[in-house]
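Novice:
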Amino acid sequence: MDPKSHQANHENEVFDDTSPFEANHNLEKPPSSQDDKQEHLEHAGDGDARADFCFTTSKALAISGLAVAFLADAFALVLSSQMAARINQIYGPNRFYILTGSIIPIVATPAAPVVGYISDIFGRRRFLLAGVLLAAIGNVTTANVNGIDQIFGTEIITCIGILFKQVVIASLAEIVPRSSRPFAFGCLWASSAPAQAFGPIIARTCPECGHVGSLTGHQTSTAASITLHQSWRVAFWIPFALNLLALVLIFFWYHPLDQHVKEKGKTRWQQLLSLDWIGCSLIAFGAQLALVGAAFGLFIYPWGNAKTLGPLVVGIVMIVSIIPFEYFMRLRLPYPMYPRSIFRQFRRYTLFLAPSLLCALVASSTSVIWPQQVQLLYTKDTLKAGWFASAPQITGVFLAPIYGRVLQRLGRYSNWLMMGLCVLLTLFAALQAIVSEGSLAASTVLACLVNASYSGLLVGFTSVFQFVPHHYLGTSVMTHFFLRAIGNFAGSLVYSLVLTNKLKDYVVSEVAIPLAHLGVDPSLIPVVLEALTTGAATNPVLSKLSPQALQIAILGVKTAFIKSFKIVYYSTLSFGLVSTILIAFTTDSGPQLQPIVDIRIVEGGHFNVKYDTGKGTIIDDRPWVS
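Numbers 4 to 629, taken from my numbering, label the letters of the sequence shown in order.
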């Protein structure tokens with residue numbers, strides 16, 4: 004059989020003509036309209052890089068560079084979030100200090116889809132190199148500053164680097180066969196295990212800042228030990244070293260060929276000007292405003308304040324408006340940010356968007372509440388608290404490669420597997436409502452099971468968003484990252500609000516009323532409540548209570564927290580139920596698991612490589628032919 008005809012037949016087997024994502028473009032009919040040209044851009048180059056994949060030392064070094072960059076980001080996120088209170092104790096007080104621990108998701112999340120979109124057209128290697136370099140600069144400057152205001156500036160540099168490095172998932176996906184992508188991502192996720200396991204051991208707050216829970220909903224650290232006895236700067240030298248290692252590995256061994264989309268008759272600058280900048284602005288600025296508004300409401304201003312509601316409402320409106328904009332402009336833009344495929348491939352793609360956000364909401368209940376629960380109810384030993392708080396994350400990351408292998412082997416049943424995992428996630432999250440002072444073992448097991456279930460869903464969602472035409476891979480994967488980060492942040496917002504409101508009600512019935520019955524001076528009761536719920540154990544007002552009153556107050560505060568925790572865990576049922584129903588209507592990803600490698604990389608270590616061999620995607624007025 005003629006090799007070309009054999010390849011054409013193979014393409015027809017792999018890409019279903021009824022699927023806008025995988026359809027084989029009809030090369031016999033030249034595009035005669037913008038509609039045809041746009042359809043042509045969506046499918047140009049799909050499945051053309053078909054070759055036997057050989058895992059060589061060079062590929063191993065290139066993938067190691069991507070994994071180290073991923074690990075550096077994980078360390079940066081874990082360590083910075085847990086060092087906020089310690090830094091404020093040294094250089095504060097500063098009312099905005101809590102934002103130093105939340106700045107990474109606030110800055111690095113909003114523009115993630117935009118970076119993925121641009122990398123689809125202009126390549127990802129430059130983003131990776133710029134990302135690790137900027138992150139390293141941000142780490143080393145943060146480690147040498149002497150004030151909270153300075154940390155804000157240096158951490159923004161780090162955040163921009165982390166934003167650029169988020170293309171690491173797409174960079175890994177395109178250099179391995181599509182059939183191996185679930186396992187590859189599972190291994191990438193497992194590479195963050197050192198950060199998940201040892202991050203809480205490396206960084207911690209000061210002992211007097213380590214108490215958990217407050218009526219303001221602030222989340223404090225439960226980490227333990229190393230930076231308590233050493234400098235807090237250690238927390239930033241670790242990701243700095245990892246970023247330098249990633250820079251070397253990526254610079255010398257990650258050399259992808261033809262990683263671009265070009266259009267005949269246009270320079271690269273003209274292509275840049277032709278991008279969907281309105282869509283990019285709506286999602287990036289909208290998400291930025293919404294996250295800033297949420298952060299203000301969580302940490303600084305009341306929720307009814309205009310400084311909170313203004314950016315939050317405007318941001319949400321801008322994010323939502325991108326849906327009608329992209330739908331009506333999908334045939335009018337040269338390079339739409341979101342192609343019409345996502346509006347047509349309903350069961351294979353669109354239905355997964357909402358569950359990816361909602362499942363993150365469910366899982367974030369454990370990440371928000373579990374550390375507080377551990378330190379409040381189970382142990383005052385900060386080292387033990389750090390290990391207990393890390394246990395769920397450790398469980399999830401170590402199971403990720405196993406889930407990847409299972410989804411790879413059972414791709415025909417992937418939607419049913421994900422639905423089952425969603426049911427388990429919802430069930431385990433709600434069962435955490437058994438919380439009590441004596442539930443350490445059961446609560447620890449349930450917290451680990453929550454993350455074990457979510458780890459499988461995370462691998463599954465990431466795999467689904469990788470099975471798109473190659474030249475929308477970055478946009479798709481980064482949109483998933485965007486939704487997951489928004490879900491995590493929204494979880495912190497929702498559960499902190501629920502905890503705050505319920506705690507205010509329960510401390511009245513469990514603490515204030517019993518103290519009043521014991522004859523405690525009514526003017527002291529509000530001060531006592533504030534001291535106990537914020538962990539101010541040295542507050543002089545507590546010495547004015549009798550031993551009996553103090554014991555009743557402490558037990559009452561614990562009871563109030565337990566009841567509030569139960570409400571939070573039960574509230575996850577609604578999010579999990581909606582996610583399960585949506586996933587039930589999706590279809591499997593089995594047909595997408597084909598031995599196709601989208602991008603080849605140059606073997607060996609090189610200083611300078613010609614990346615454009617002329618075989619990349621080129622768009623013109625005729626059907627594209629490789």
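Virtual Cβ for every residue (Gly too), placed ideally from N, Cα, C.
If you draw a straight line from the alpha carbon of CYS362 to that of LYS613, how long is it in whole angstroms?
Specialist: 43 angstroms
Novice: Ignore the nearest five residues each way along the sequence and tell me which others in GLY490's own chain have a CB closer than 6 angstroms to its CB.
Specialist: LEU360, ALA363, LEU364
Novice: Cβ atoms of PHE186 and GLN411: under 7 angstroms apart, would you say?
Specialist: yes
Novice: To the nearest whole angstrom, what separates the beta carbons of PHE468 and PRO116, a pair I think is in contact under 8 angstroms?
Specialist: Your pair PHE468 and PRO116 does not check out as a contact, with CB atoms roughly 11 angstroms apart and the cut at 8 angstroms.
Novice: At what residues does the beta strand (DSSP E) containing LYS265 begin and finish?
Specialist: Looking at the DSSP string, the run of the beta strand (DSSP E) that includes LYS265 is 264-266.
Novice: Could you give the DSSP three-state label for TYR614: helix, strand or coil?
Specialist: coil
Novice: Return yes when the Cβ of LEU82 is within less than 7 angstroms of the Cβ of ALA238, no when it is not.
Specialist: yes
Novice: By Cβ distance, which residues of its chain are closer than 8 angstroms to ILE565, with the 5 residues on each side in sequence left out?
Specialist: Cβ-Cβ distances below 8 angstroms link ILE565 to LEU380, VAL438, SER439, GLU440 in the same chain, with the five nearest sequence neighbours on each side left out; the list follows chain order.
Novice: How is ILE303 classed by DSSP in three states: helix, strand or coil?
Specialist: coil
Novice: Helix, strand or coil for TRP627? Go by DSSP, reduced to three states.
Specialist: Model confidence at TRP627 stands at a pLDDT of 28, short of 50, so the residue's coordinates are unreliable and nothing is read from them.
Novice: Are the CB atoms of MET481 and GLN169 within a distance shorter than 7 angstroms?
Specialist: yes
Novice: With a threshold of 8 angstroms, are at least 3 pairs of Cβ atoms found where one atom belongs to the stretch 448-467 and the other to the stretch 98-118?
Specialist: no
Novice: Do the stretch 63-73 and the stretch 251-260 make contact, defined as three or more Cβ pairs closer than 8 angstroms?
Specialist: yes
Novice: Given a cut-off of 7 angstroms on the beta-carbon distance, is the pair VAL323 and ALA403 in contact?
Specialist: no
Novice: Could you name the residues of the same chain whose beta carbon sits closer than 7 angstroms to that of VAL143, not counting the 5 residues immediately before and after it, in chain order?
Specialist: PHE243
Novice: Among LEU443, ARG347, ARG408, CYS451, which one has its Cα closest to the Cα of LEU427?
Specialist: CYS451
Novice: With SER368 and THR575 assumed to form a contact (beta carbons below 8 angstroms), what rounded beta-carbon distance in angstroms separates them?
Specialist: 5 angstroms
Novice: Going along the chain, which residues of its own chain have a beta-carbon closer than 6 angstroms to the beta-carbon of TRP306, five neighbours each way excluded?
Specialist: GLY300
Novice: For PRO374, count the other beta carbons within 10 Å of its own beta carbon; 16 or more makes it buried, fewer makes it exposed. Which is it?
Specialist: buried
Novice: In or out: ILE372 buried (at least 16 other Cβ within 10 Å) or exposed?
Specialist: buried
Novice: Please list the segments of the beta strand (DSSP E) lying wholly inside the stretch 92-139, counting only runs of 3 or more residues, in order along the chain.
Specialist: none
Novice: Tell me PRO259's beta-bridge partners as DSSP assigns them.
Specialist: Per DSSP, the beta bridge partners of PRO259 are ILE604.
Novice: For TYR338, which beta-bridge partners are listed by DSSP?
Specialist: LEU278
Novice: In angstroms with no decimal places, state the Cα-to-Cα distance between TYR572 and SER174.
Specialist: Distance between the alpha carbons of TYR572 and SER174 is about 37 angstroms.
Novice: Evaluate LYS505 with the Cβ neighbour count: other Cβ atoms within 10 Å of its Cβ, from every protein chain shown; 16 or more gives buried, anything less gives exposed.
Specialist: buried
Novice: My output table needs one value for TYR381: the three-state DSSP class, helix, strand or coil.
Specialist: helix
Novice: Which residue marks the beginning of the alpha helix (DSSP H) containing TRP235, and which one marks its end?
Specialist: For TRP235, no alpha helix (DSSP H) encloses it, and the DSSP letter there is neither H nor E.
Novice: So what's LEU521 in DSSP terms, helix, strand or just coil?
Specialist: coil
Novice: Are the CB atoms of VAL453 and ALA436 within a distance shorter than 7 angstroms?
Specialist: no
Novice: Whose C-alpha, out of VAL531, LEU496, PHE492, TYR498, is nearest the C-alpha of VAL510?
Specialist: VAL531
Novice: Are the beta-carbon atoms belonging to ILE602 and GLN262 less than 7 angstroms from one another?
Specialist: Going by C-beta atoms, ILE602 is nearer than 7 angstroms to GLN262.
Novice: With DSSP as the reference, label VAL471 as helix, strand or coil.
Specialist: coil
Novice: Anyone know if the C-beta pair for ALA534 and VAL544 falls short of 7 angstroms?
Specialist: yes
Novice: Rounded to whole angstroms, what is the Cα-Cα separation between ARG271 and VAL264?
Specialist: Taking the straight line joining both Cα atoms gives about 10 angstroms.
Novice: Among residues of its own chain, excluding the 5 on either side of VAL377, which ones have a beta-carbon nearer than 7 angstroms to its beta-carbon?
Specialist: If we look at VAL377 and ignore the five residues flanking it on each side, its Cβ neighbours are THR225, ALA388, PHE391, ALA392.
Novice: What are the start and end residues of each continuous alpha helix (DSSP H) run of 4 or more residues lying completely inside the stretch 370-441, in chain order?
Specialist: Segments of the alpha helix (DSSP H) lying fully in the stretch 370-441: 385-412, 417-434.
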